[in-house]
Amino acid sequence: MSRHTRRGLSRRALFQSLGLSAALSPFIPLLNASGQEAKRPKRLLIFYSPDGSADSDSSAGPIDWKPVGSETDFTLHQIQAPLDPLKSKLIVPWGLKMSAKGAGEQHAFGSAGCFTGSLLKEPGNGADFDGGNGHRTGWGSGPSVDQIVAAAAGPNCPYGVLPDAANQETAYRTLELGVQCGNPTSVTRTIYKGDDQPIHPETNPQAAFDRLFADFMPPTTDPGGQEAAAAAAAQRRAEQTSILDAVTKDLGKLRTQVSSEEYPKIEAHLNGIRALEQRLDTMVPTVSAGCSVPARPAASDRYANNAKFPTEVSAMLGLIPAILACDLTRVASVQLSSGFSNVTHTWLGQSTAHHTMSHQNADNRDALMAIDNWYAEQLFGMLKAMDEIDEGNGTLLDNTLVLWGRELGTTSHSMSPWPVVLIGGAQGALRTGRFLDVNKEPSAKLLVSVMQAMGIDDAMTIGNVDANSGPLTQLT
Amino acid sequence: MTEPRTGLPGLRACACLAALLMGCSSTISGTPSGGSGASAGTSDGTAANPGAGGGSSANGGSGAATATGGTGATGKGGSSATGGTGTSGSTGTSGTAGAVVDPTDAQCAAQASGLNIGRSRLARLTRTQVAHTLRDLLSVTGNLTDALTPDQSVGPFASNALAEVTDLIVQQHQELAAKVALDAQSRMASIAACDLASGDPCVRDFVGKFGMKAFRRPLTDDEVTTYAGVFTVGGTPENGFRLVIEAMLQSPYFLYHADVGSTGAPSEVPVTLTPYELASRLSYFIWDTMPDQALFDLAAGSGLDSEATLTEQVTRMLADPKAKDAIPLFHLQWLDITPAQLGSLASTQPELAQEMIDEATDYTNAIVLGGDGLLGTLFTAPYSYPRSGTLKLYGKPEPTGFQPGMQVMLDPTQRGGIFTQPGFLVKHYRGDEQGSVVHRGITIRENLLCTPIDPPPANVMPTALPPAQGTTARDRFAAHETGTCAGCHTQMDPIGLAFENYDGLGRYRTLDGGVVIDASGEVLDSGEDLAGAFDGPVELGKKFAGSRTVGNCVANQWFRFALGRIESTDDACSLKAVHDAFAASGHDIRQLITTLVLSDAFRHVRAIGAKDTQ
Numbered sequence: 000m001s002r003h004t005r006r007g008l009s010r011r012a013l014f015q016s017l018g019l020s021a022a023l024s025p026f027i028p029l030l031n032a033s034g035q036e037a038k039r040p041k042r043l044l045i046f047y048s049p050d051g052s053a054d055s056d057s058s059a060g061p062i063d064w065k066p067v068g069s070e071t072d073f074t075l076h077q078i079q080a081p082l083d084p085l086k087s088k089l090i091v092p093w094g095l096k097m098s099a100k101g102a103g104e105q106h107a108f109g110s111a112g113c114f115t116g117s118l119l120k121e122p123g124n125g126a127d128f129d130g131g132n133g134h135r136t137g138w139g140s141g142p143s144v145d146q147i148v149a150a151a152a153g154p155n156c157p158y159g160v161l162p163d164a165a166n167q168e169t170a171y172r173t174l175e176l177g178v179q180c181g182n183p184t185s186v187t188r189t190i191y192k193g194d195d196q197p198i199h200p201e202t203n204p205q206a207a208f209d210r211l212f213a214d215f216m217p218p219t220t221d222p223g224g225q226e227a228a229a230a231a232a233a234q235r236r237a238e239q240t241s242i243l244d245a246v247t248k249d250l251g252k253l254r255t256q257v258s259s260e261e262y263p264k265i266e267a268h269l270n271g272i273r274a275l276e277q278r279l280d281t282m283v284p285t286v287s288a289g290c291s292v293p294a295r296p297a298a299s300d301r302y303a304n305n306a307k308f309p310t311e312v313s314a315m316l317g318l319i320p321a322i323l324a325c326d327l328t329r330v331a332s333v334q335l336s337s338g339f340s341n342v343t344h345t346w347l348g349q350s351t352a353h354h355t356m357s358h359q360n361a362d363n364r365d366a367l368m369a370i371d372n373w374y375a376e377q378l379f380g381m382l383k384a385m386d387e388i389d390e391g392n393g394t395l396l397d398n399t400l401v402l403w404g405r406e407l408g409t410t411s412h413s414m415s416p417w418p419v420v421l422i423g424g425a426q427g428a429l430r431t432g433r434f435l436d437v438n439k440e441p442s443a444k445l446l447v448s449v450m451q452a453m454g455i456d457d458a459m460t461i462g463n464v465d466a467n468s469g470p471l472t473q474l475t
Numbered sequence: 000m001t002e003p004r005t006g007l008p009g010l011r012a013c014a015c016l017a018a019l020l021m022g023c024s025s026t027i028s029g030t031p032s033g034g035s036g037a038s039a040g041t042s043d044g045t046a047a048n049p050g051a052g053g054g055s056s057a058n059g060g061s062g063a064a065t066a067t068g069g070t071g072a073t074g075k076g077g078s079s080a081t082g083g084t085g086t087s088g089s090t091g092t093s094g095t096a097g098a099v100v101d102p103t104d105a106q107c108a109a110q111a112s113g114l115n116i117g118r119s120r121l122a123r124l125t126r127t128q129v130a131h132t133l134r135d136l137l138s139v140t141g142n143l144t145d146a147l148t149p150d151q152s153v154g155p156f157a158s159n160a161l162a163e164v165t166d167l168i169v170q171q172h173q174e175l176a177a178k179v180a181l182d183a184q185s186r187m188a189s190i191a192a193c194d195l196a197s198g199d200p201c202v203r204d205f206v207g208k209f210g211m212k213a214f215r216r217p218l219t220d221d222e223v224t225t226y227a228g229v230f231t232v233g234g235t236p237e238n239g240f241r242l243v244i245e246a247m248l249q250s251p252y253f254l255y256h257a258d259v260g261s262t263g264a265p266s267e268v269p270v271t272l273t274p275y276e277l278a279s280r281l282s283y284f285i286w287d288t289m290p291d292q293a294l295f296d297l298a299a300g301s302g303l304d305s306e307a308t309l310t311e312q313v314t315r316m317l318a319d320p321k322a323k324d325a326i327p328l329f330h331l332q333w334l335d336i337t338p339a340q341l342g343s344l345a346s347t348q349p350e351l352a353q354e355m356i357d358e359a360t361d362y363t364n365a366i367v368l369g370g371d372g373l374l375g376t377l378f379t380a381p382y383s384y385p386r387s388g389t390l391k392l393y394g395k396p397e398p399t400g401f402q403p404g405m406q407v408m409l410d411p412t413q414r415g416g417i418f419t420q421p422g423f424l425v426k427h428y429r430g431d432e433q434g435s436v437v438h439r440g441i442t443i444r445e446n447l448l449c450t451p452i453d454p455p456p457a458n459v460m461p462t463a464l465p466p467a468q469g470t471t472a473r474d475r476f477a478a479h480e481t482g483t484c485a486g487c488h489t490q491m492d493p494i495g496l497a498f499e500n501y502d503g504l505g506r507y508r509t510l511d512g513g514v515v516i517d518a519s520g521e522v523l524d525s526g527e528d529l530a531g532a533f534d535g536p537v538e539l540g541k542k543f544a545g546s547r548t549v550g551n552c553v554a555n556q557w558f559r560f561a562l563g564r565i566e567s568t569d570d571a572c573s574l575k576a577v578h579d580a581f582a583a584s585g586h587d588i589r590q591l592i593t594t595l596v597l598s599d600a601f602r603h604v605r606a607i608g609a610k611d612t613q
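Residue numbers (numbering that gives the first Met the number 0), protein chains in the order written: chain A, 0 to 475; chain B, 0 to 613.
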C-alpha cells in the first residue's frame, strides 16, 4: 500500500526510510523529497444558513446590512458582527445579485443557484418537487463550486491528482454535511455534482463521526502491536475487496436486466462502490499535532428535533476543523437547515419558525436579525477553532477559503444584495480584511473567483445563468 | 408562503392558468388543460390528470422543445380529448361532468396487444422496507435505518423509484450491512443450520439458502460460487459467515426491487413477473417487508399463478400482524399525516406529533384490518384511539381506566371520521392558533379527489392577513374569491374553510376572532356525486363515504402505493377493473386490495415505455 502525497513521500515510506516508529509521528513535519517542509494544501468549505437578510413584508423595507466605513476600516453589521475578531481574515462583498433563476420561486431556484450559478429546471426526468407555493420544479442544472474545485487537480489546487486516479491523497474527495436539512427536494439541496445530480448531506453528527474517525489509530510504540495492526488492515482490505467485487458483479448483471433508462442509477451505484474501494487504499490518519479526534456527538432523534438543533449544529461544526486538519478531505460543505427553514429559535426566546416569521404581516426584522447573528456565532466558533490550528504555513483557517452563503438576498425574496462572506483567503489568494461595494455584480463572478483562488487559474465561467462572467476582480 | 409538499406528480389540471391567460375572472371557464408534458427526452412519463370539469375539452400537455408530448388524458366533463403534441396521443372518450372516465369493457377487450400496462422504474427499497426486511431476515431490532438518507416519493408515497443513487447512500448501506452482519455472527449456529467449519457442501448450502432469502429468489450456481468465494476470504467460519451476510446486504438484488419479469430481459411489452417477483411485490405491498416462507414455498411451486391462491394469500396476509405496518403506511401518507406535513409541530412537540400519528395508525388498523374495512367507515366513524395528549385536544376528560390507544367514543356533533382527527387537521402547523385553510383544502383536493391544483403566478407572494378581532378566516380569505385568484382558490378554500371549527392543533372552537364560525363548504367542479353544500368535515366525511369519484381516486392512490408509480393511460383497463369492483363492493378496501393484486398491472411488468408514454 503505497501513496504519494502531492509534494513528497507518503508518511509511511518516510517513516520506513528514517527508521522511525509511528509513535514519533506528532513531531515529524510533512517533509518533501528534499527534506523541506511541504506546504499544507488549500481547503474549501461552503457554509450555508437559511433564507435572506431581514425584510418585512409589511414594512418600510429590508435592513441595510452594508458594513459601515471604508474598504479597510469598517464595522460589521449585527448579522455578521460575531465574526469581528476575524475581521482581518475576511472579505464582505456587499451588493452581489445572485446568479440564480428558473422554475419555482426564489427559495427553490435560489437553493439551486446560490453555489452553482445554474438554473433550476422544470419538472422532468422523474424529478418533480414543490418549489414553493405549489410551483413544481425539477433539480438544478449544474455543479456547485465545491464539486468543481474538488474535481480539479493542479499545483495550486487542493488536490494534485484527478478524482479517478489510483492513489488518492485523502479518504474523501469531498464531504457534504448538514443539520436537519429536510427531505430531498429542490428547496432543500444546495450542493450539486452536476445537472440533475444533487448531493444529499450526512445530517447525523454521530454517524458522521463514526464514519470519519472510527479508524483513527492512536500511536503505538509496540512493534508487535504495529505488526498486528498491519496484518489486520491487510485482512480487512482483502475482505472488503471480495465483498465489493461481488457487489460489482451483481450490478453488472442487473444492468443487463433493466431498461437503459436505469443505467445512470447503476452507474452511480458503481461509482459509490468504487469510492468505497478507493478508500481502502487511502492511508488512515494518525492522531498528531493539529489533528486530534473531536468529541463523539450524541445520537440524533428519528425525526428532526427542534430542541436539539443548536447541539447538533455545534456537534457537526465541531467535527470540521479536525476533518480538515486530519486531511480526511480538502473540500467540504455544511448546510444548516434549508430553504423554508422550519427551525424555531426557542433558545433566542422565539416561538415562531424562521421562515414563517419572514412572511407574517408584522415587522419581525429584529427577530430575523437575531437568527442571522446566531448563525454567525456558530460559524465564528468553528472558524476560531480552525484559526487555532497551526499548520506551519499559517493556520488552518489561513489555508482555507470559507464561503458563507444563503439561498436568498432578502427574506422578501429579493435576490440581492446576497448576504455572503468570505473568510480565510486560501493562502493569500484573496486580499482579506476588506469590505467591497460590488453593487449589482453577479454572484457568478464571486464563484469564479473562488475557483481561481482554489487553483483553477484560468477559470472564467460557472453555470448557465451568468456564464462567462469572469472573476470578481476586486477580491484580489 | 406555504411550505413545500414533496413528491406530487407534476401535472396540473386546474383551469387556473387557462383562466389567467384568457383574462377570466371569478368563475372557472374556458378550456381545462392537462398539465405540461415532462421535459426533453429522458423524462419520466407521468399521466396528465384529467382536466377538472367545466370545460368542453381537455388537451394533453405539450412537451418541451425536443420532447414528445404527454398523452392526452381523458376529458373530464368534456366532450373530447386530444393527445399532446408528441408522437401520439390517445383520444379520450366523452365524459359526464366531473366523472373520471374509464374505458369501456369493449375497449379493453379489443386492446391490440392483449394487455397494456404502464412501465416501472427500478426502485431501491425505502427505509421502512429495509428495516422490516432486516427484522424478518435477521431479527434486527432498533431504528438502524433512521440514519439512511431520506426517501424520495412518488405521489404522496415514499418511494425511491426515481431517486438518484449517491456515494453517501452506498456508504450508509455498507455501514449498515457491516453492523448487521457482525451482530448476526453470534447467532451463526441457528442461521446457518449446518456446520460451516466442515466446508462444502455446508458453505454452498448456507450461501444458497440465506441468499435465496436475501435476494428474494433462488441464486444461480454462479452467484453461489461468487459468495462462497467471499466466505473463503474470511478465513474462519465465523468470519466467512459474517462476510457473506455483509456482502449480500449490499448487493443490488437485496437493495432494489428487481422486477425483471419472466423473460429475464427488459421488455417493451408487458411480461409476467416471475413467481418470486410476484411474491415480493405482494409482500412489500401488504406487509412492507420480504415474503415469508409460505409465500416463498408457493413461488417455488408456481402456486401464485392461480387467482384463487392469490386471493387466499391476500386474505391470509391482511389477517397477519405484519399488515399493521403497511396498511397505515398507505393511509397516513395518503392523508398527509406525516412529520413533514405536520409542519413545525413534528420538531417542536415531537411527542404530541407522534401521538397523532399513533392514533391515526390505530384507527386505520381497527377499521381496515379489524373492522368492516369500508372506506365510508374511515370517513365517518364516531370513535378514535387517542393518547393522553390528543384526548386533551378532543376536549374530553380521561375516562376511568383510560389506556392510550383504547377506543374512545367522541362527541358526534363535533367529531366523526378521519377528517376530524388532530393528525389530519394539523397541516403545516406554524405554532399559532390558526389551522391551514389552504393546506387542508389541498390535501382533500389533491389526495382525495386526485385533482392537482396549479400554483399561483410566480410574482404573487401570499402573506396571510393576521387574525383580528371581528374577523374570521373566511373574511380574511375573501380576496381569493375575486380576480385571477378565484380559478384555483375555489378549488381549495370552500373546502378548507369548512374546517375552521378546528384550530391549528385540531381543537374544536365555535368562534374565530370573537365571531361565530361559518363552516359551510362546497366541493366545486368534482362531479354530480359531490355536488351540493355541506357543513363542516363531519358532513364532508358522509358525502365522501358514498362517492364514486372519491372511490376512484382512492383506488388510484392504492395503485400508486402498490406499484410505486403514477398510473399511466396504459393502465386504464387495469384501473377500470379496480374502480368497478371497488364501487360494487361498497368501497370495501380489503376487496380493493385483492382486485389490485389480481390486476394485469400488478402481475406483469414492463420495463421499457413506448414513446407515447415517456
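Where is the CB? At the ideal position from N, CA and C, for every residue including glycine.
No experiment lies behind these values; they were computed from the predicted model shown.
Residue pairing by DSSP places E521 of chain B opposite B:A532 in a beta bridge. K248 of chain A has a beta carbon lying within less than 8 Å of a beta carbon in chain B. It is roughly 29 Å from the alpha-carbon of A478 of chain B to the alpha-carbon of D528 of chain B. What D166 of chain B touches in chain A, judged by beta-carbon distance under 7 Å, is N270, G271, A274, going in chain order. The stretch 388-399 of chain A makes no contact with the stretch 46-55 of chain A; the number of CB pairs closer than 8 Å stays below 3.
Short of 6 Å from the beta carbon of L279 of chain A, and not among the five residues preceding or following it, lie these beta carbons of its own chain, in chain order: R236, Q239.
Within a 10 Å sphere around the beta-carbon of R186 of chain B sit fewer than 16 other beta-carbons, which makes this residue exposed.
Beyond the five residues adjoining it in sequence on each side, I285 of chain B comes within less than 6 Å, by CB distance, of M316, A322, A325 in the same chain, given in chain order. Note: V160 of chain A is not bridge-paired with any residue in the DSSP secondary-structure output. Rounded to the nearest whole angstrom, the C-alpha separation of G404 of chain B and R508 of chain B is 24 Å. In terms of beta-carbon proximity, T347 of chain B lines the interface with chain A, with at least one pair separated by less than 8 Å. Annotation: P441 of chain A to P493 of chain B spans about 44 Å, alpha carbon to alpha carbon. Residue contact with chain A for A246 of chain B: present (Cβ-Cβ distance below 8 Å to some residue of chain A).
Contact check for F230 of chain B against L242 of chain B passes: the beta carbons are separated by less than 8 Å. Counting only Cβ-Cβ distances below 7 Å, N142 of chain B has contacts in chain A at R301, in chain order. Not flagged as an interface residue toward chain B: N463 of chain A, since no C-beta distance is shorter than 8 Å. In the displayed model, R433 of chain A falls within a strand according to three-state DSSP. Approximately 6 Å separates the beta-carbon atoms of Q420 of chain B and S383 of chain B; this is inside 8 Å, confirming the contact. As summarised for the stretch 66-137 of chain A, the continuous beta strand (DSSP E) elements at least 3 residues long and confined to that stretch are 89-93, given in chain order.
Neighbours of K264 of chain A in chain B, taken as residues at a C-beta separation under 7 Å, are given in chain order as L121, V164. Here I452 of chain B really is in contact with G133 of chain A; their C-beta atoms are around 6 Å apart, less than 8 Å. In this structure, the straight-line span from the alpha carbon of E121 of chain A to that of Q312 of chain B is close to 43 Å.
When beta bridges are read from the DSSP output, L510 of chain B appears opposite B:V515.
If you check each beta-carbon in the stretch 342-367 of chain A against every beta-carbon of chain B, the ones closer than 9 Å belong to V342, T343, T345, S350, T351, A352, H354, T355, S357, H358, Q359, N360, A361.
With respect to the C-alpha of D127 of chain A, the residue from A:G137, A:L119, A:M216 having the closest C-alpha is A:G137. Relative to the Cα of S357 of chain A, the nearest Cα in the group A:S350, A:Q349, A:P84, A:L367 belongs to A:L367.
Three or more Cβ pairs closer than 8 Å define a contact, and the stretch 62-82 of chain A falls short of that threshold against the stretch 446-456 of chain A. Using beta-carbon distances, Y226 of chain B counts as an interface residue toward chain A, with a partner under 8 Å. Within the stretch 245-280 of chain B, the runs of alpha helix (DSSP H) that reach at least 4 residues and sit entirely inside it are, in chain order, 251-254. Non-local C-beta neighbours of G101 of chain A in its own chain, meaning closer than 6 Å and more than five positions away in sequence, comprise F108, L118, L119, ordered along the chain. Counted as a single uninterrupted DSSP element, the stretch harbouring K444 of chain A is not any beta strand (DSSP E) but the alpha helix (DSSP H) occupying residues 442-452.
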